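Shown next, in C-alpha cells, is the structure this report addresses.
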Amino acid sequence: MPDPGKKAVPVVLVTGPSGAGRTTAINVLEDLGFEAIDNLPLRLLPGLIDAATEPRPMALGLDSRNRDFSPRALLDVIDMLAGRREAELTVLYLDSQPDVLLRRYSETRRRHPLAPAESPGEGVRRELDLMAPIRDRADILLDTSEMNVHQLKAEIERWFAPEGRALALSVQSFSYKRGMPHGIDMVFDCRFLANPYWEPALRQLSGEDQAVQGYVKADPLYEPFFSRVLDMTRLLLPAYRDEGKSHLSIAFGCTGGQHRSVTMAETLAKALAEDGQQVSIRHRELQGQRKSERPG
Numbered sequence: 138m139p140d141p142g143k144k145a146v147p148v149v150l151v152t153g154p155s156g157a158g159r160t161t162a163i164n165v166l167e168d169l170g171f172e173a174i175d176n177l178p179l180r181l182l183p184g185l186i187d188a189a190t191e192p193r194p195m196a197l198g199l200d201s202r203n204r205d206f207s208p209r210a211l212l213d214v215i216d217m218l219a220g221r222r223e224a225e226l227t228v229l230y231l232d233s234q235p236d237v238l239l240r241r242y243s244e245t246r247r248r249h250p251l252a253p254a255e256s257p258g259e260g261v262r263r264e265l266d267l268m269a270p271i272r273d274r275a276d277i278l279l280d281t282s283e284m285n286v287h288q289l290k291a292e293i294e295r296w297f298a299p300e301g302r303a304l305a306l307s308v309q310s311f312s313y314k315r316g317m318p319h320g321i322d323m324v325f326d327c328r329f330l331a332n333p334y335w336e337p338a339l340r341q342l343s344g345e346d347q348a349v350q351g352y353v354k355a356d357p358l359y360e361p362f363f364s365r366v367l368d369m370t371r372l373l374l375p376a377y378r379d380e381g382k383s384h385l386s387i388a389f390g391c392t393g394g395q396h397r398s399v400t401m402a403e404t405l406a407k408a409l410a411e412d413g414q415q416v417s418i419r420h421r422e423l424q425g426q427r428k429s430e431r432p433g
C-alpha cells in the first residue's frame, strides 16, 4: 500500500526512434544526478518504482529494441506511472526527421534494429510508424534534426538541470472529437469563440496563419478570455515552481483542433516566451495531418 508520506520520485521516461539521441539524453541525465537505467523490460518497471527507497530522480530509457516492447505495452506503462502517487512522470520523446535518421545510419553503417536484413530506410519508416502513438503522449517533444551532441546536451540541461532551472511549460492544442490529451494540468475549452471553419477562405488554413488568428481575435470574447488565461498562468507559475513541480502542461481544445485552439496555444506560448519562460508547443491534430500528407 502506498505510503502517503513518501515523496514522489521524479521519473523521466526517455524514448523515441533509434538515432534521435536517446542514449545521449540518458547519459546527460545521469550526469545531472538521475539514476539512469536503459532498456529495462517493461514488466519490471512497476517493481522498480516500488523499490525506490529515496526520492532520487530516475531516467528510464525505453524504445523499440526493448525485449517486450509494443506501443500498447508502453502506453499502459505510461498510464500506470502517471496514476501512481509514488512517481512524478515526465515522458521525454526525442524525434528527428526521417532523412536525418537515415543519414545518421548511413554515416555509422549500422543496421537498423527493425530492419536488420533490409535497408535502413525501411527500418526508419517502420519505427516512426510504430512510435507515433508514443509521440502523441509525450510531455516534452524535442526534435534533434538540427542538433549536434553538444546542442542536445544543452537542451536536456535546460529542461532537467536541478539548480537554476525555470519551470518547463508545454502548451498544446487538440480536438475534442479525438478526446482530451493525457497528462495535462490545465485545459481550456475554446469552442465558444468565432469559428474560422465557416469561412471558406480560412477553412483549409490553421491557427498558425495570421489570417485565422486575426479572425479569432476579432471575437469580442477573445481578449478578455486570453487576458484572464495569461494572468492566471503568470500567477500560478511561481507557486508550481516553489512546490517543486518540474513542468506544467496547458491545453486548448476546440471542435477540430485546427483553428481556435491553435490560435490560443500559439498566442499564449508567444506571450510566455516573451516573459522569459521556457515553452514548448505542440498541435496534436496538425501533426497528424502533416504525417498523413507525407509521401508514402
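Each residue of the sequence shown is one higher than the last, beginning at 138 in my numbering.
Virtual Cβ for every residue (Gly too), placed ideally from N, Cα, C.
Bear in mind that the values here come from a model prediction, so they are computed numbers and not experimental data.
Item: Between the alpha carbons of F206 and A348, how many angstroms are there, rounded?; Value: 44 Å
Item: For F389 and T281, I'd like the C-alpha separation in whole angstroms.; Value: 26 Å
Item: With a 10 Å radius around its C-beta and 16 neighbouring C-beta atoms as the bar for buried, classify N332 as buried or exposed.; Value: buried
Item: Mind pulling the alpha helix (DSSP H) runs of 4 or more residues that sit fully within the stretch 206 to 280?; Value: 208 to 219, 235 to 245, 257 to 272
Item: Should the stretch 350 to 363 be regarded as contacting the stretch 261 to 269, the criterion being three or more beta carbon pairs within less than 8 Å?; Value: no
Item: Buried or exposed: Q350, going by 16 or more other Cβ atoms within 10 Å of its Cβ?; Value: buried
Item: Nearest by alpha-carbon distance to E172: which of V146, S386, R159, I387 is it?; Value: V146
Item: Helix, strand or coil for M195, going by three-state DSSP, please let me know.; Value: strand
Item: Taking all protein chains shown into account, decide if H287 is buried (16 or more other Cβ within 10 angstroms of its Cβ) or exposed.; Value: exposed
Item: Please report the distance separating the alpha-carbon of P154 from that of P357.; Value: 44 Å
Item: In this structure, how does DSSP classify L150 when only helix, strand and coil are distinguished?; Value: strand
Item: At which residues does the alpha helix (DSSP H) containing A173 begin and terminate?; Value: Here A173 belongs to no alpha helix (DSSP H); instead the beta strand (DSSP E) covers 172 to 175.
Item: Quick one, are the C-beta atoms of L279 and L231 less than 8 Å apart?; Value: yes
Item: Taking just the CA atoms, how far does D200 sit from E437?; Value: Nothing about residue 437 can be read from this structure; the chain reaches only from 138 to 433.
Item: Report the rounded CA-to-CA distance for R262 versus P235, giving the unit in angstroms.; Value: 7 Å
Item: Quick check on Y385: does DSSP put it in helix, strand or coil?; Value: First, the residue type needs correcting, since residue 385 is Leu and not Tyr in the sequence shown. L385 falls in the strand class under three-state DSSP.
Item: Just list the residues that DSSP pairs M323 with in beta bridges.; Value: I387
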